[in-house]
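Colleague: Take this structure first; my questions come after.
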Amino acid sequence: MAFKFTPRKKFCRFCADKELPLDYKRPDILQDFVTERGKIIARRITGTCAKHQRRLTREIKKSRQMALMYYTAVHSTQVRKKTI
Ligand SMILES: [Zn+2]
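Residue numbers 0 to 83, in numbering that gives the first Met the number 0, belong to the letters of the sequence shown in order.
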């Protein structure tokens with residue numbers, strides 16, 4: 000099997016590490032939970048618990064509004080009608 004960057008273990012990073020800030024001002028951290036196109040990665044893939052996933056979603060959206068993170072690719076290329 001090829002060594003890919005799949006999540007090793009299913010656990011909530013925010014529960015595991017209390018020091019890890021879940022904040023829109025930290026796009027570097029939020030970036031780990033979105034695809035390169037800016038789509039939020041499903042909880043079952045990242046292993047984030049329901050509680051933190053909900054906060055995460057909120058923070059990511061806030062971060063986008065603050066233009067700290069990339070908007071989805073659709074935003075810039077609206078011509079391409081792809082269901083995201
Ligand atoms: Zn959690």
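Each residue gets a CB set at the ideal place from its N, CA and C atoms; glycine is no exception.
1. What did DSSP end up calling Ile-40 once you bin it into helix, strand or coil?
2. Among the candidates Val-33, His-51, Lys-38, Arg-43, whose CA atom is the shortest distance from the CA of Phe-13?
3. Can you tell which of Arg-25, Ile-44, Lys-9, Phe-10 has its C-alpha closest to the C-alpha of Arg-57?
4. For Thr-34, count neighbouring C-beta atoms within 10 Å of its own C-beta (all shown protein chains included) and say buried if the count is 16 or more, exposed if not.
5. The alpha helix (DSSP H) with Lys-60 in it runs from where to where?
Modeller: So, to answer that:
1. Here Ile-40 sits in coil by DSSP.
2. Among Val-33, His-51, Lys-38, Arg-43, the Cα nearest to that of Phe-13 belongs to His-51.
3. Checked all of Arg-25, Ile-44, Lys-9, Phe-10; the closest Cα to Arg-57 is Arg-25.
4. Counting Cβ neighbours within 10 Å, Thr-34 comes out exposed, since fewer than 16 surround it.
5. Element bounds for Lys-60: 49-64.
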